[in-house]
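Structure first, commentary second.
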Amino acid sequence: MEPQEAKKIIETLLFVSCEPLNSKTLGQILGVEPKMCQELIQQLIKEYEQAEKGFHIKSLANGYQMCTRLEFSKWAKKLFGIPKRVRLSKKAMETLAIVAYKQPVTRVEIEAVRGVDSSGVITTLLAKSLIRISGRKEVIGKPILYSTTSEFLILFGLSSLDDLPELG
């Protein structure tokens, strides 16, 4: 497959996908090496930046997604209405921050930081797919370990956990 054709197909797939796509998935679809897809995505990112289009390709949750530029989002909101936002209480945000920075983490470890029972908040975050059960800790009782999900990364506009702000 010619690189120019592959680039157009990647652009199309990023445009129609509701989820971020990674170079491995794109490579499987196109029948090319993921490295080639990665290079073509980087070219597309530069092309969109230089052309100052209404869209850009953003790195999100270990993949890429075509997104509306922030300065044009108000127009999309007028067309579609204001998107439904995930509402999180202060307790949920606090718990989510603990999981994000300390993962994998147990309920007891979360409660040691918060100082209160966190079972209900953990259940809520699991239901919203912002955290997941990532295993069991190899200690007596084998408590459940929690980690953040790709939904968490997408919600907060992060490419990976490395993009989390550093703690003061």
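Quick note on our numbering: the sequence shown kicks off at 2 and runs consecutively. For glycine and all other residues, C-beta sits at the position ideal for the given N, C-alpha and C. Note that the structure is a prediction, hence the values are computed from the model and not measured.
| Asked | Found |
| --- | --- |
| Burial state of Leu45, where buried means 16 or more other Cβ atoms lie within 10 Å | buried |
| Endpoints, alpha helix (DSSP H) assigned at Cys19 | Element bounds for Cys19: n/a, residue is neither H nor E. |
| Assigned secondary structure, Val87 (DSSP; H/G/I helix, E/B strand, else coil) | coil |
| Span of the beta strand (DSSP E) around Leu61 | Phe56 to Leu61 |
| Top-ranked residue by Cα proximity to Leu126, from Leu156, Gln51, Gly55 and Thr69 | Leu156 |
| Cut-off 7 Å between Cβ atoms - residues of its own chain near Tyr130, not counting five sequence neighbours on either side | The residue asked about is misnamed: residue 130 is Ser in this sequence, not Tyr. Thr150 and Glu152. |
| Burial state of Arg133, where buried means 16 or more other Cβ atoms lie within 10 Å | buried |
| Cβ-based burial, Leu41 [other Cβ within 10 Å; buried from 16] | buried |
| Residue from Gln5, Gln104 and Leu31 whose Cα sits closest to the Cα of Asp163 | Gln104 |
| Residues that Leu146 bridges to, as DSSP identifies them | Thr107 and Gly136 |
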